[in-house]
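Beneath this line is the structure, given in structure tokens, with notes to follow.
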Amino acid sequence: MLDWLKSPFLTFQEFVLLAGRATVNSVRRPFYGQDLFLQMDTIGVGSLPITVLIGFFSGVIMALQMSRALSQYGATGQVGQITAITLVREMGPVLTALLIAGRNASGIASELGSMKVSEQIDAMRALGTDPVKKLVTPRLLAMCVTLPLLTIIADFVGIVGGYMVAVPLLRLTTGSQYWNNAWRSLEYNDIAQGLIKPLLFAFIIALVGCLYGMRTTGGTQGVGRATTQAVVVASVWIFIVTALVTRIFVNL
Amino acid sequence: MARQKANAPRCILKFEDVSLQFDQPRPALDRVSFEIWSGETRIILGAAGSGKTVIMKIALGLLKPSSGRVSVMEQDVTHFDERQWYDVRSHIGVLFQEGGLFDSLTIEENVAYPLLNQARFMTAGKKPTLDSVRPDVQDALNFVELGNTLNKFPSELSGGMRRRVGIARGSVADPDLFLYDSPTAGLDPITANTIIALLIKDREMRNSTAAIITHRFQDGHLMANFRYNPEKDCLEKLAADSPIRERTKFMVMNEGRLVFEGSESALDASQDPYISKFSMNPARKAS
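Top line first, the protein sequences correspond to chains C and Y. Take 8 as the starting number for the first sequence in the numbering used here and just add one per residue. Take 7 as the starting number for the second sequence in the numbering used here and just add one per residue.
Here it is in structure tokens:
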């Protein structure tokens, strides 16, 4: 009767096992430093331009939307505060994570999937190295380092975007008031959740990408399927986790 | 390359009643037992899906048998976990069907991979450098006559060349057992014979133990009847009483079961319609 539950639970179990092994491996010799830096370059530096672009426009959109709502109450001076809070708490982490999920969960899944179907993962095991250690751990660590950094950049660029709309374009407020408002509205609570979220998302994106890549079966078609599934599953979990984390922080 | 193994014969690979059952009703491997001794060349023949590759994957610990016992180098490995297997695997060379080369690494890095990543070559947990293993890598690539491809990527090589790089990668760490999975599949007859010539050369130069999975009966015939002549750098036919004939054993798989095990002459003499499909006897092949 509960057969339909079996497969998602098995997948979740595999996810937890992979997470455990990848984390334990990060403190166990041998270390693959070169792979780690290569991944940090691919994920971090490679995603920087698009993160900046998206961050900027989310700030712009937020300020534009708020300009109308705030003018109804004559509170246009608060635009800096609202932009900063929404970006740091929610928009920055979630949008960046979704972007990286689309860009890198798919990239990881297709790379590992192709390696799986062309027997390279088996070859790696047969040649005496642990694929989790060689492939998963560097990707996980690289993601955990770069995603929070990318989020911070997106947040900052977003606030700059909001400034561009609020001050030079619509003249809602003065520059000093905008920055003052934005700066003073951020509390430790906001910063904490704004940094914990990307760290959790990094785990989800890297491990979901690796898991679906390493489970790939069925040739090139399987690689396509694995890639799609990785992006969808990672995106869904990003929303679930952000809801849970927000729920916790709202009460703090 | 010509390091000699200990002379006392020892059992390199032993299967005892090994079965493997996937979800299908028919087992992938059905109570298979055999032994491979040092210095032996084992030719594993069989149709596609008969369980040849499954044998290889079990011998490497990539698949776990459902029942039975597996021993590698006189060590029971049936219940080894993944970490214990890494040490066992570092003594086994392997050539995968399509070569299994890492396409993000150069040929040099591919061949150096076992030397750089296996725990037994590390000193105090530190990996050797690529420079320090370069002479060994160059030797292994010279052996397969691809000494000038160090900086190329696998995608720049032909199918036959990729197999040869796979052989170099498998033999660079001087393994006690070399498993070849369909070394000649999908190659033209001339390239296929070049690959088999390399296998024969490897057998003679390293006195190696090998299991060769193939569906081409010619591969087994060449292995059993020819030797490598280092002076002339070519293959020549073996004398009728050469011990190499004795040390080349054949086995035939059919639907997960081991249906034949013995010498080439016994294979040629078999009356069984399935088994005789893999023998050189032209009269029976016609039937």
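Built from N, CA and C at the ideal position, the CB exists for glycine as well.
Per-residue DSSP class, three states only, for residue i
i: K158 of chain Y; result: coil
i: E118 of chain C; result: helix
i: F22 of chain C; result: helix
i: N188 of chain C; result: helix
i: A8 of chain Y; result: Low confidence applies to A8 of chain Y: its pLDDT is 39, below 50, so where it sits in the model is not reliable enough to give any reading.
i: Q81 of chain Y; result: strand
i: M150 of chain C; result: helix
i: L177 of chain C; result: coil
i: K13 of chain C; result: helix
i: K133 of chain Y; result: coil
i: V76 of chain Y; result: strand
i: N213 of chain Y; result: coil
i: N196 of chain C; result: helix
i: E151 of chain Y; result: coil
i: E46 of chain Y; result: coil
i: E97 of chain C; result: helix
i: V117 of chain Y; result: helix
i: L264 of chain Y; result: strand
i: G182 of chain C; result: helix
i: D162 of chain C; result: helix
i: L26 of chain Y; result: strand
i: M259 of chain Y; result: strand
Residue i vs residue j beta-carbon contact at 7 Å
i: I160 of chain C; j: F208 of chain C; result: no
i: R95 of chain Y; j: G135 of chain C; result: yes
i: R37 of chain Y; j: S56 of chain Y; result: no
i: A91 of chain C; j: A213 of chain C; result: no
i: Y39 of chain C; j: P145 of chain C; result: yes
i: C217 of chain C; j: V143 of chain C; result: yes
i: S113 of chain C; j: T234 of chain C; result: yes
i: V258 of chain Y; j: L51 of chain Y; result: yes
i: A116 of chain C; j: A241 of chain C; result: no
i: K58 of chain Y; j: E41 of chain Y; result: no
i: S71 of chain Y; j: I64 of chain Y; result: Here residue 71 of chain Y is Pro; the residue named in the question, Ser, does not match the sequence. Taking 7 Å as the Cβ cut-off, P71 of chain Y and I64 of chain Y qualify as a contacting pair.
i: L35 of chain Y; j: A133 of chain C; result: no
i: F284 of chain Y; j: Q127 of chain C; result: no
i: L43 of chain C; j: A130 of chain C; result: no
i: V95 of chain C; j: D162 of chain C; result: yes
i: F266 of chain Y; j: G226 of chain Y; result: no
i: K132 of chain Y; j: L122 of chain Y; result: no
i: V124 of chain C; j: T18 of chain C; result: no
i: G165 of chain C; j: G51 of chain C; result: no
i: I202 of chain Y; j: L163 of chain Y; result: no
i: T58 of chain C; j: L157 of chain C; result: yes
i: A174 of chain Y; j: V150 of chain Y; result: yes
i: L251 of chain C; j: N196 of chain C; result: no
i: E261 of chain Y; j: A230 of chain Y; result: no
Same chain only: Cβ atoms within 6 Å of residue i, ignoring 5 sequence neighbours per side
i: G99 of chain Y; result: G176, S177, P181, F184
i: G105 of chain Y; result: R168, R169, G172
i: A70 of chain C; result: V86, T90, G169, V172, A173
i: R290 of chain Y; result: Residue placement at R290 of chain Y cannot be trusted, given a pLDDT of 49 that sits under 50; what the coordinates show is reported in the next sentence. Taken in chain order, the residues that qualify are S282.
i: A8 of chain Y; result: With a pLDDT of 39 at A8 of chain Y, under the threshold of 50, the modelled position of that residue is not reliable, and the figure given next carries that caveat. Hits under 6 Å: M211.
i: S192 of chain C; result: Q88, A91, I92
Contact belief for residue i with residue j at Cβ below 8 Å, rounded distance in angstroms
i: V174 of chain C; j: T180 of chain C; result: 7 Å
i: T215 of chain Y; j: G45 of chain Y; result: 6 Å
i: T254 of chain Y; j: T112 of chain Y; result: About 35 Å; that fails the 8 Å criterion.
i: L205 of chain Y; j: I196 of chain Y; result: Wrong, their Cβ atoms sit about 15 Å apart, outside the cutoff.
i: N111 of chain C; j: S54 of chain C; result: 7 Å
i: S74 of chain C; j: L177 of chain C; result: 5 Å
Nonlocal neighbours in the same chain, by C-beta distance under 8 Å from residue i, ignoring five residues either side
i: R35 of chain C; result: K140
i: R140 of chain Y; result: E114, A118
i: N187 of chain C; result: G87
i: A292 of chain Y; result: With a pLDDT of only 48 at A292 of chain Y, under the threshold of 50, the placement of this residue in the model should not be trusted; the figure read from the coordinates follows. So the list is empty, once near-sequence residues are dropped.
i: W43 of chain Y; result: P15, R16, C17, I18, T215
i: L241 of chain Y; result: A203, I206, L228, F232, R233, Y234, N235
i: A125 of chain Y; result: Y92, D93, S96
Beta-carbon contacts of residue i that lie in its chain and below 7 Å, excluding the five residues immediately before and after
i: G165 of chain Y; result: G192, L193
i: I247 of chain C; result: none
i: L105 of chain C; result: S242, I245
i: A108 of chain C; result: I212, V238, A241, S242, I245
i: L77 of chain C; result: T83, Q85, V86
i: L119 of chain C; result: L142, C217, G220, M221
i: M286 of chain Y; result: F223, H227, D274
i: A146 of chain Y; result: V117, A174, S177, V178
i: Q277 of chain Y; result: none
Checklist entry - Counting Cβ pairs, one atom from each stretch, are 3 or more of them under 8 Å apart for the stretch 231-251 of chain Y and the stretch 75-90 of chain Y? => result no
Checklist entry - Is there contact between the stretch 97-117 of chain C and the stretch 199-208 of chain C, where contact requires at least three CB pairs shorter than 8 Å? => result yes
Item to check | At least 3 beta-carbon pairs within less than 8 Å: the stretch 153-160 of chain Y vs the stretch 185-198 of chain Y | outcome: Touching, no.
Checklist entry - Taking three-plus beta-carbon pairs below 8 Å as touching, is the stretch 39-53 of chain C in contact with the stretch 64-74 of chain C? => result no
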